[in-house]
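*Asks:* In order, the protein sequence lines correspond to chains C and U. Positions 1 to 158 (full-length UniProt numbering) are the ones given, in order, by the first sequence. Positions 1 to 80 (full-length UniProt numbering) are the ones given, in order, by the second sequence.
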Amino acid sequence: MDGSAGRRPLDWCPSGDASRPESVVLGVRSGDGGEVVYLADPVPAAEVLGSIPEGISPHRVLRFASHCVSDCANRVGEACGLIERIRAVPAKAEAASAAVPRCHLRPHCKWWNQVGVEGCHRCPAVVTLNPPDDELNVLVANPETTLEQLESWMAAAE
Amino acid sequence: MNKGLRTAAAAAALVTGLVTAAAAPAPAATRHERITSQEQLAASIAKAVATEKANGAVTDGVTGGIVADSGKSGVHPAAC
Numbered sequence: 001m002d003g004s005a006g007r008r009p010l011d012w013c014p015s016g017d018a019s020r021p022e023s024v025v026l027g028v029r030s031g032d033g034g035e036v037v038y039l040a041d042p043v044p045a046a047e048v049l050g051s052i053p054e055g056i057s058p059h060r061v062l063r064f065a066s067h068c069v070s071d072c073a074n075r076v077g078e079a080c081g082l083i084e085r086i087r088a089v090p091a092k093a094e095a096a097s098a099a100v101p102r103c104h105l106r107p108h109c110k111w112w113n114q115v116g117v118e119g120c121h122r123c124p125a126v127v128t129l130n131p132p133d134d135e136l137n138v139l140v141a142n143p144e145t146t147l148e149q150l151e152s153w154m155a156a157a158e
Numbered sequence: 001m002n003k004g005l006r007t008a009a010a011a012a013a014l015v016t017g018l019v020t021a022a023a024a025p026a027p028a029a030t031r032h033e034r035i036t037s038q039e040q041l042a043a044s045i046a047k048a049v050a051t052e053k054a055n056g057a058v059t060d061g062v063t064g065g066i067v068a069d070s071g072k073s074g075v076h077p078a079a080c
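As structure tokens, then:
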């Protein structure tokens, strides 16, 4: 396969790492219940990080987009295992029927390209950094969690 | 007004109504607001930070996102 002519455009991770050079702000967790409010246009992460006070993790108040990389622990072959785990958790009814967020990332978004609009419905509720005592979200976030383990946990929690 | 005029008037009113109805925007589904200015961005960040502080800031936890598996992560185009 030759170079640029045959290359698929890069996917971007919508729960990315703020420290990467290409990282941009996707949204701010300033909506109801901490839901993400999306930026109309990307802003480099470096321009915003300075406004986050000491003692606050940027990944708690913002969502960043950065390149989807092949050595991410969430990679399952070419796919993202994180969005598959997120999808495995039943969505709130209102989230499933809500209008799809308008974000700047969608055509390049790994989740959109992998699972379509369902990824968009789940996106606003995703927090990049999950506290250790939030059992379900820690399970979802952990790249080592299997779908079977997640389903077992949810069944036991009912 | 004779019957013909009433009919024409009714037809005109119907067409007008249809045009009006077509021109009126359909009730919008709930639209997500978007941040479109630096001022909005700053205000949103301030709000999110205040909420995080009020809830007890989390500085350590499990990342639900990109997790570099090794020290030499790089950008690799997806396989064609």
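The beta-carbon is built from N, C-alpha and C at its ideal position, and this holds for glycine as well. All of these numbers come straight from a predicted model, not from anything done at the bench.
Indicate the three-state DSSP secondary structure (helix, strand or coil) for C:Leu-113 in the structure shown.
*Replies:* The question names Leu, yet the displayed sequence has Asn at residue 113 of chain C. Looking at C:Asn-113 - three-state DSSP - the assignment turns out to be helix.
*Asks:* When you compare the stretch 50–57 of chain C with the stretch 114–123 of chain C, are there three or more beta-carbon pairs, one atom per stretch, that lie closer than 8 Å?
*Replies:* With the cut-off at 8 Å, the stretch 50–57 of chain C and the stretch 114–123 of chain C do not touch.
*Asks:* Quick one: what does DSSP say C:Ala-141 is sitting in, helix, strand or coil?
*Replies:* It is helical.
*Asks:* With 7 Å as the C-beta to C-beta threshold (strictly closer), list the residues of the stretch 127–157 of chain C near chain U in chain order.
*Replies:* The stretch 127–157 of chain C vs chain U, Cβ under 7 Å: Val-127, Thr-128, Leu-129, Asn-130, Pro-131, Pro-132, Asn-137, Val-138, Val-140, Ala-141, Asn-142 and Pro-143.
*Asks:* List the residues of chain C whose Cβ lies closer than 7 Å to the Cβ of U:Glu-39, in chain order.
*Replies:* Within chain C, no residue comes near U:Glu-39; the closest Cβ sits about 12 Å away, beyond 7 Å.
*Asks:* When the Cβ atoms of the stretch 71–86 of chain C are set against those of the stretch 19–32 of chain C, are three or more pairs found closer than 8 Å?
*Replies:* The answer is no - the stretch 19–32 of chain C does not touch the stretch 71–86 of chain C, with fewer than three Cβ pairs under 8 Å.
*Asks:* Taking 8 Å as the limit between beta carbons, can you name the residues of its chain near C:Trp-153, skipping five residues before and five after?
*Replies:* Correct list, in chain order: Glu-135, Leu-136 and Leu-139.
*Asks:* Nearest chain C C-beta to U:Ala-48 closer than 8 Å, yes or no?
*Replies:* Judged by the 8 Å Cβ criterion, U:Ala-48 is in contact with chain C.
*Asks:* U:Glu-39 and C:Val-37 - do their beta-carbons sit closer together than 8 Å?
*Replies:* No, Cβ-Cβ distance for C:Val-37 and U:Glu-39 is not below 8 Å.
*Asks:* If you measure beta-carbon to beta-carbon, which residues of the stretch 52–65 of chain U are closer than 8 Å to chain C?
*Replies:* Here the close residues are Glu-52, Lys-53, Ala-57, Val-58, Thr-59, Asp-60, Gly-61, Val-62, Thr-63, Gly-64 and Gly-65.
*Asks:* Provide the residue span of the beta strand (DSSP E) that contains C:His-104, from first to last.
*Replies:* Here C:His-104 belongs to no beta strand (DSSP E), and DSSP marks it neither H nor E.
*Asks:* In the DSSP assignment, what are the bridge partners of C:Asp-125?
*Replies:* Before going further, note that residue 125 of chain C is Ala rather than Asp in the sequence given. None; C:Ala-125 has no bridge partner.
*Asks:* Should C:Leu-147 be labelled buried (16 or more other beta-carbon atoms within 10 Å of its own) or exposed?
*Replies:* Exposed, because fewer than 16 other Cβ atoms sit within 10 Å of the Cβ of C:Leu-147.
*Asks:* Per DSSP, what kind of secondary structure is C:Ser-66 in: helix, strand or coil?
*Replies:* Here C:Ser-66 sits in strand by DSSP.
*Asks:* Just to confirm before moving on: does the CB-CB distance between U:Gly-64 and C:Ala-141 stay below 8 Å?
*Replies:* A contact, by the Cβ cut-off of 8 Å.
*Asks:* Using the C-alpha atoms, what's the distance from C:Thr-128 back to C:Pro-143?
*Replies:* Cα to Cα, C:Pro-143 sits roughly 13 Å from C:Thr-128.
*Asks:* Which class does C:Leu-10 belong to by DSSP, given the choice of helix, strand or coil?
*Replies:* Of the three classes helix, strand and coil, the one that applies to C:Leu-10 here is coil, per DSSP.
*Asks:* Show which residues of chain A have a CB atom less than 8 Å away from the CB atom of C:Val-37.
*Replies:* In the displayed structure, chain A is absent; the protein chains listed are C and U.
*Asks:* Does the beta-carbon of C:Gly-31 have 16 or more other beta-carbons within 10 angstroms, so that it is buried, or is it exposed?
*Replies:* Buried, since its Cβ has 16 or more Cβ neighbours within 10 Å.
*Asks:* Residues of chain U with CB closer than 8 Å to the CB of C:Gly-116, please, in chain order.
*Replies:* Under the 8 Å cutoff, chain U gives no residues; its nearest Cβ is about 17 Å from C:Gly-116.
*Asks:* What in chain U is Cβ-close to C:Asp-17, meaning under 8 Å?
*Replies:* The answer, in chain order, is Gly-65, Ile-66 and Ala-68.
*Asks:* If we cut at 8 Å on Cβ distances, does U:Ala-26 have a partner in chain C?
*Replies:* Reliability of the predicted coordinates at U:Ala-26 is poor, the pLDDT of 40 falling under 50, and no value is obtained from them.
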